[in-house]
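Quick note on our numbering: the sequence shown kicks off at -4 and runs consecutively.
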Amino acid sequence: MFKTITLIFVFSLTAAVFGQAAQADLVVVNGNVRTMNPEKPTAKSLAVIGGKIAAIGDESDTKPLIGPRTKVIDAKGRLIVPGFNDAHVHFLETGQQLSSVDLRTAKSPQEFVARIKQFASKLPKGRWILGGKWDHENWTPANLPTAAMIDAVTPDNPVFIDRLDGHMALANSLAMKMAKIDKSVKDVAGGEIVRDGNGNPTGIFKDAAMSYIGRAIPEPDFQEKLEAAQA
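In structure tokens form, the structure reads like this:
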């Protein structure tokens, strides 16, 4: 008799603990959930336990997890997407690079210029061309690019495209004009403005000198941020 009572007590305690563990902290209902699962891309409800998604599907899938301490939110048909956790990827900057001109694999100065020309042709006047991640070491000879190479294909768009290592960038003449850069501007500590034989800037700015152009670049507007997020 004593063993029977003990077993019943243990069973009841186990069931109670299991019930507590299965209670969701949060349940969202009546939502438009994007699951990122190609086999079932959308759902209407999800449940969260301990900061992790425990169930996703129809409300019949999450209703059993609703308990007295569960917070229930009616999404009223609104869109629900996974969160973006940026460990060290710089979400906006990465998106801007993905939506910008790809120069990383340009194998020659001619291809470098052609890619910039094609990209610029699709932009509204005045839009800055940034990113790029070019590498002149892929070229033969491995000469640094200059503003003169790209001015003709970017007459209406300021350009400031960086090398893949991030230690130098190329500006076109329009960008330098907007930043008020000419031969009279001195190098900054920790940086260099590369110059031709007459002392005129070639368009290459190294390290700390990149700030001369950077300060002239406006904050991205809503459309640019949207394009970066969608990239």
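Glycine residues also receive a C-beta, built at the ideal position from the N, C-alpha and C atoms.
- Taking the CA atoms as reference points, Ala17 sits about 16 Å from Ser40.
- Straight-line spacing of the CA atoms in Ala101 and His131 works out to 9 Å.
- Judged by DSSP in its simplified three-state form, Arg64 adopts coil rather than helix or strand.
- Taken atom to atom, the span from the alpha-carbon of Glu222 to that of Pro215 is near 10 Å.
- Going by DSSP, Glu187 is part of the beta strand (DSSP E) stretching over Gly186 to Arg190.
- For the options Asp69, Ala204, Gly52 and Lys71, the alpha carbon positioned closest to that of Val183 is the one of Ala204.
- Judged by DSSP in its simplified three-state form, Val96 adopts strand.
- Between Ser206 and the set Met171, Ala224, Gly78 and Gly121, the nearest pair of CA atoms involves Met171.
- Counting along the chain, Asp56 sits inside the alpha helix (DSSP H) bounded by residues Glu54 to Thr57.
- Shortest Cα-Cα distance from Gly198 to any of Ser168, Gly186 and Gly209 involves Ser168.
- Inter-segment contact for the stretch 92 to 109 and the stretch 47 to 56 is absent: fewer than three beta-carbon pairs are separated by less than 8 Å.
- Residues of the same chain with a CB within less than 7 Å of the CB of Arg122, apart from the 5 flanking positions on each side, are Asn152 in chain order.
- According to the DSSP secondary-structure assignment, Asp69 is paired through a beta bridge with Val24.
- Taking Leu74 as reference, the option from Phe107, Thr37, Ile156 and Gly46 with the minimal CA-CA separation is Thr37.
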